[in-house]
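> Everything in the sequence shown is counted per full-length UniProt numbering, starting at 1 for the first residue and increasing by one.
Beta carbons are placed, not taken as given, at the ideal position from N, Cα and C, and that holds for glycine.
As the structure is a prediction and not an experimental result, all values here were calculated from the model.
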Amino acid sequence: MAGKERQETQEAGGRRAKPVRQRKAPALAPVEPCGAAEDLPKGPEPGRPPHEAYAVRALVLQGGGALGAYQAGVYQGLAEGGIYPNWVAGISIGALNAAIIAGNPPERRVEQLRAFWEYICAQPWLPSLSHSAMFENAESWPEPLRVWFDGLHAARAMFEGQRGFFMPRNWLELVTRYSDPTRASYYDTTPLKATLERFADFDLINRPREMRVSVGAVNVRTGNFAYFDNTRDTLRPEHFMASGALPPGFPAVEIDGEYYWDGGLVSNTPLAEVLTAQPRRDALIFQVDLWSARGKLPHDLSDVAERQKDIQYSSRTRTITDYMREQQNFRRMLSEVMALVPASKRDSDWYRRAAEHACDARRNVIQLIYRDKSFENSAKDYQFGSLAMQEHWSSGLDDIRETLRHPHWLAMPTREHPFVTHDVHRGNGDHQ
1 MAGKERQETQ EAGGRRAKPV RQRKAPALAP VEPCGAAEDL PKGPEPGRPP
51 HEAYAVRALV LQGGGALGAY QAGVYQGLAE GGIYPNWVAG ISIGALNAAI
101 IAGNPPERRV EQLRAFWEYI CAQPWLPSLS HSAMFENAES WPEPLRVWFD
151 GLHAARAMFE GQRGFFMPRN WLELVTRYSD PTRASYYDTT PLKATLERFA
201 DFDLINRPRE MRVSVGAVNV RTGNFAYFDN TRDTLRPEHF MASGALPPGF
251 PAVEIDGEYY WDGGLVSNTP LAEVLTAQPR RDALIFQVDL WSARGKLPHD
301 LSDVAERQKD IQYSSRTRTI TDYMREQQNF RRMLSEVMAL VPASKRDSDW
351 YRRAAEHACD ARRNVIQLIY RDKSFENSAK DYQFGSLAMQ EHWSSGLDDI
401 RETLRHPHWL AMPTREHPFV THDVHRGNGD HQ
């Protein structure tokens, strides 16, 4: 232990010498911010999957409304591959998916995700058009007809709401000024609380030793971003509802006397929350995004509206990833430099301050980004038709299955390159 004195006996000429008090050189301080050495994995045991070498296996879920079924498909593929996250972080619809995942035992998660999505993708009054014999082959329709079909579902969501999710307020409520901020919105999300309680066990959600859960929201009064985390907070349905309370459609949610809106107003992905968490540990992160920063040039106003959403809600995840990679490289170099500092200099304040930033933990980010269909437009995030839901789910499942066909992507990064990313849609998927 650094700085601890001990006694050692020495033998000289066959006699026991007097105890000699000897001071050990302090251990390298940067180890502490990275987690205790015994807590860090040394690598997978022979014959065990590479993902088990990581202390943290995180699932990071972006916001994106109806597109969130893509994330459910990704989770199904992870479960098929025997990969079970020990941390799930989400914003908006990603937070709702996080609740269903963390709120069920592993063997029931896919089943409950499917039940949740089928439930909220039904209209509250009339049957879904996707279940009508007239529209049973809509997935193979020409693109103009498919645009019309999906637009009809989006219009129904606007005028009817979605079962167990949100319902429109009457016109009198919309023109009334209320003292209660939770009524200032186009839609009422009261049904969502009962839906979350139906599909998720909140006693299970609040067991951080089984799975850590983090959801992001914005404080309406201060404008500050906040994360609700089951290692610090007792999470309730309201925490997840707050993360998805996108104004002016959805109302603010009150939590402990403060009001919160959708975290996507500030940042739509919780990647940075996972990457900056303390203590720093080796981490495998599945980053599931619903909006692509890259896209085609728009040629009409509908294209403009869609492209605006893509850019706004992609939350610069590539930029965040590049920044975090650079930071981790600096932390590793600082750790190496500090190892060269003489023991006599390690009791100084500057050394201890530097130790707080030095770290040689390794990060592997697997990026899964939803790719738009040619017939989709700016209404894709509130197009809750069951056909679209099934297509989004299948896309996520296909992408993660293709990713897991490259098991070497899950291998622990080297010390020389401690931060790597992989994306099946970009070249060979390997970017360091």
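Does the distance from the C-beta atom of Leu78 to that of Leu290 stay below 8 Å?
Counting from 1 along the sequence shown, the entry for residue 78 is found at position 78. Counting from 1 along the sequence shown, the entry for residue 290 is found at position 290. No, the pair does not count as a contact, with Cβ atoms beyond the cut-off.
> By the three-class DSSP mapping on this structure, what secondary structure does Arg207 have?
The residue given as residue 207 occupies position 207 in the sequence shown. Judged by DSSP in its simplified three-state form, Arg207 adopts coil rather than helix or strand.
> Looking at the unbroken beta strand (DSSP E) that takes in Asp423, where does it start and where does it end?
Here residue 423 refers to the residue found at position 423 of the sequence shown. Segment Phe419 to Asp423, the beta strand (DSSP E) holding Asp423.
> Considering Thr87, what are the terminal residues of the alpha helix (DSSP H) in which it resides?
On the sequence shown, residue 87 is found 87 positions in, with the first residue counted as 1. With the sequence shown as reference, residue 87 is identified as Trp, and Thr is not the correct amino acid for it. Segment Trp87 to Gly90 is the beta strand (DSSP E) holding Trp87; no alpha helix (DSSP H) there.
> May I ask you to report which of helix, strand or coil DSSP gives Gly216?
Position 216 of the sequence shown, counting from 1, holds the residue named residue 216. Three-state result, Gly216: strand.
> Is it buried or exposed, Val175, if we count other Cβ atoms within 10 angstroms and call 16 or more buried?
Taking the sequence shown and counting its residues from 1, the one referred to as residue 175 is at position 175. Answer is exposed; the Cβ neighbour count stays below 16.
> Can a CB atom of chain D be found closer than 8 Å to the CB of Ser243?
Structure shown: chain D not included; a single protein chain is present.
> Which of the three DSSP states is assigned to Leu271 in this structure?
One-based indexing of the sequence shown puts residue 271 at position 271. Leu271 sits in a helix when the DSSP states are folded into three classes.
> If I'm right that Gly216 touches Phe225 with Cβ under 8 Å, what's the distance once you round it to whole angstroms?
Working through the sequence shown from its first residue, we reach residue 216 at position 216. Working through the sequence shown from its first residue, we reach residue 225 at position 225. Gly216 to Phe225, Cβ: 6 Å. Contact.
> Go ahead and label Phe116 buried or exposed: buried means 16 or more other beta carbons lie within 10 angstroms of its beta carbon, across all protein chains shown.
If you number the sequence shown from 1, residue 116 lands on position 116. By the 10 Å Cβ count, Phe116 comes out buried.
> Less than 8 Å between the beta carbons of Gln62 and Asn268, yes or no?
Taking the first residue of the sequence shown as 1, we reach residue 62 at position 62. Taking the first residue of the sequence shown as 1, we reach residue 268 at position 268. Yes, these two residues count as a Cβ contact at 8 Å.
> What distance in whole Å lies between the Cβ atoms of His392 and Tyr186, which are believed to be in contact at a cut-off of 8 Å?
As a position in the sequence shown, residue 186 is number 186, starting the count at 1. As a position in the sequence shown, residue 392 is number 392, starting the count at 1. At roughly 24 Å, the Cβ-Cβ gap does not stay under 8 Å, so Tyr186 and His392 are not in contact.
> Contact between the stretch 164-180 and the stretch 409-417: three or more CB pairs below 8 Å?
no
> What three-state label does DSSP hand Gln383 in the structure shown?
Residue mapping note: residue 383 aligns to position 383 of the sequence shown, counting from 1. In the structure shown, Gln383 sits in coil (DSSP, three-state: anything other than H, G, I, E or B).
> Any contact between the stretch 365-374 and the stretch 387-401? By contact I mean 3 or more CB pairs, one from each, below 8 Å.
yes
> Taking 7 Å as the cut-off, is the C-beta of Arg209 nearer than that to any heavy atom in the ligand NAD?
Only the bare structure without any ligand can be found here, which leaves the ligand NAD out of the picture.
> Using the C-alpha atoms, what's the distance from Ser92 back to Val288?
Here residue 288 refers to the residue found at position 288 of the sequence shown. Here residue 92 refers to the residue found at position 92 of the sequence shown. Taking the straight line joining both Cα atoms gives about 13 Å.
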